[in-house]
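A.B. asks: The structure that follows is given in the form of structure tokens.
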Amino acid sequence: MTPKVIIPGGSGFLGSSLAAHFANLGWEVVILSRSIKPDKRLVRFVHWDGRTVGSWAAELEGSTAVINLAGRSVACLDNEINRKAILESRVSAVDAITAALNTCSNPPKILIQASTLALYGNKGEVVCTEESPHADDFFAEVTKAWENAFFKAQYKSNPRLVAFRIGFILGAKGGALAPLSLLTRLFLGGTTGSGKQYISWAHINDFCRMCQWAIQTDSARGQYNACAPTPVTNKVFMKQLRQALNRPWSPPAPAWAVTLISKTVMRVNPELALKGRACLPERLLKEGFSFNYTQLLETFKDLLITQKNV
Ligand SMILES: NC(=O)c1ccc[n+]([C@@H]2O[C@H](COP(=O)([O-])OP(=O)(O)OC[C@H]3O[C@@H](n4cnc5c(N)ncnc54)[C@H](OP(=O)(O)O)[C@@H]3O)[C@@H](O)[C@H]2O)c1
Numbered sequence: 012m013t014p015k016v017i018i019p020g021g022s023g024f025l026g027s028s029l030a031a032h033f034a035n036l037g038w039e040v041v042i043l044s045r046s047i048k049p050d051k052r053l054v055r056f057v058h059w060d061g062r063t064v065g066s067w068a069a070e071l072e073g074s075t076a077v078i079n080l081a082g083r084s085v086a087c088l089d090n091e092i093n094r095k096a097i098l099e100s101r102v103s104a105v106d107a108i109t110a111a112l113n114t115c116s117n118p119p120k121i122l123i124q125a126s127t128l129a130l131y132g133n134k135g136e137v138v139c140t141e142e143s144p145h146a147d148d149f150f151a152e153v154t155k156a157w158e159n160a161f162f163k164a165q166y167k168s169n170p171r172l173v174a175f176r177i178g179f180i181l182g183a184k185g186g187a188l189a190p191l192s193l194l195t196r197l198f199l200g201g202t203t204g205s206g207k208q209y210i211s212w213a214h215i216n217d218f219c220r221m222c223q224w225a226i227q228t229d230s231a232r233g234q235y236n237a238c239a240p241t242p243v244t245n246k247v248f249m250k251q252l253r254q255a256l257n258r259p260w261s262p263p264a265p266a267w268a269v270t271l272i273s274k275t276v277m278r279v280n281p282e283l284a285l286k287g288r289a290c291l292p293e294r295l296l297k298e299g300f301s302f303n304y305t306q307l308l309e310t311f312k313d314l315l316i317t318q319k320n321v
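Numbered per the working numbering, the sequence shown spans residues 12 to 321.
Here you go:
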């Protein structure tokens, strides 16, 4: 039987790549979206509201896996309205999926849930594994609520539960790499702020492979850091990006300027650029997942040069 994967919130950056990845394997893919988009080969869009059980629940019946990515983007200004939407959209989506799953007579045997390395907070040079203490800032609190909704839900069946604490995913078709590489091409790819904040990155291809690995590895369960084993500081990250794009040294962007531009021009929370953490995918490595991309420069070259030309 053809495996079938359901991706709530799959219309965005990670979901589009995951959908293409599984469709290329010949799997049936269903994306749950609040808006309806034209279907692609082996990828169907089904409407849901991200909060309540609806006719979409029938798609779960007999499916292989759910990979839930739904949540209001964190790339927005830090204010009470956005904070509420960031938290509620995530917890409501998990609750709706649990309720839908509990109506199935043949539910999927594995649920994969997006989570984030922001759980560990702004950690300077401290290296974080899955065992590291959790922070108590806003993004960490959202992540705790998100994971709690997922792991502490009452499931009528006994599905395998996997949460990926996702790092900074690098892809050619979305995410933060496109604007960063545009700035770098314009000779504005200098160090951001102190440049000491760590970036725990992963190639989008490895992220898709992690999800496939979790589905196909019966022993995989619990929380996993989803990043390459080679985090770098922002200073190194920007230097290697300039190298990949053949750009010379560029002037650093001081924290005050990043804060000003983030708040007034880009309308995003400057913390996203100024804070970070060095994480290791300890559990993935111990349990046999092998990364295709562990070198950042090679990753940049693949995404920005090779994939651009195919
Ligand atoms: N990209 C990364 O590097 C990264 C890192 C750490 C964690 N994550 C997490 O991984 C997930 C996927 O990331 P992404 O980069 O693919 O994000 P994305 O491009 O913003 O996609 C997320 C999807 O969630 C849905 N969504 C937005 N607001 C919603 C709401 N209020 N209620 C229900 N659904 C809503 C949207 O789908 P529709 O509009 O079609 O409904 C959207 O396409 C996110 O939850 C993100 O926080 C991503």
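Every residue gets a Cβ at the ideal spot worked out from N, C-alpha and C, and that includes glycine. Given the structure is predicted, the values throughout are model-derived calculations rather than measurements.
With a threshold of 6 Å on Cβ separation, who are the neighbours of Gly204 within its own chain once the five nearest residues in sequence on each side are excluded?
C.D. replies: Ala266, Val269 and Leu285
A.B. asks: Would you list, in sequence order, the uninterrupted beta strand (DSSP E) runs of no fewer than 3 residues that lie entirely inside the region 22-66?
C.D. replies: 39-44 and 54-58
A.B. asks: Going by DSSP in three states, Arg232 sits in which element: helix, strand or coil?
C.D. replies: coil
A.B. asks: Classify Ala69 as buried or exposed, calling it buried when 16 or more other Cβ atoms lie within 10 Å of its own Cβ.
C.D. replies: Burial call: exposed.
A.B. asks: Quick one, which of Trp67, Lys274 and Thr228 has its alpha-carbon nearest Ala111's?
C.D. replies: Trp67
A.B. asks: Could you check if Ala96 belongs to the surroundings of ligand 1, using beta carbon to heavy atom distance under 7 Å?
C.D. replies: yes
A.B. asks: Please classify Trp260: is it buried, with 16 or more other beta-carbons within 10 angstroms of its beta-carbon, or exposed?
C.D. replies: exposed
A.B. asks: Does the beta-carbon of Met12 have 16 or more other beta-carbons within 10 angstroms, so that it is buried, or is it exposed?
C.D. replies: Per the 10 Å Cβ criterion, exposed.
A.B. asks: Take the Cβ of Arg52 as the centre, count every other Cβ of all protein chains shown within 10 Å, and call the residue buried at 16 or more, exposed below.
C.D. replies: It is exposed - the Cβ of Arg52 has fewer than 16 other Cβ atoms within 10 Å.
A.B. asks: Once you ignore the five residues that flank Leu308 on each side, which residues in its own chain have a CB closer than 8 Å to its CB?
C.D. replies: Short of 8 Å from the beta carbon of Leu308, and not among the five residues preceding or following it, lie these beta carbons of its own chain, in chain order: Gln251, Gln254 and Ala255.
A.B. asks: Let me confirm a value: Ile316 is counted as buried when at least 16 other C-beta atoms fall within 10 Å, else exposed. Which label applies?
C.D. replies: exposed
A.B. asks: How far does the alpha helix (DSSP H) with Pro190 in it extend, from its first residue to its last?
C.D. replies: Leu188 to Arg196
A.B. asks: Please find out if some non-hydrogen atom of ligand 1 comes closer than 7 Å to the beta-carbon of Pro314.
C.D. replies: Reading the sequence as shown, one finds Leu at residue 314 and not Pro. Checking the Cβ of Leu314 against ligand 1 gives no.
A.B. asks: Going by DSSP in three states, Arg399 sits in which element: helix, strand or coil?
C.D. replies: Nothing can be reported for residue 399: it is not among the residues displayed for the chain, which extend from 12 to 321.
A.B. asks: Taking only beta-carbon atoms, is Val105 less than 8 Å away from chain D?
C.D. replies: Protein chain content of the structure displayed is limited to a single chain, and chain D is not contained in it.
A.B. asks: Among residues of its own chain, excluding the 5 on either side of Lys312, which ones have a beta-carbon nearer than 8 Å to its beta-carbon?
C.D. replies: Ala255
A.B. asks: In chain order, what residues of the same chain have a beta carbon less than 7 Å from the beta carbon of Ile108, not counting five sequence neighbours either side?
C.D. replies: Pro19, Val77 and Asn79
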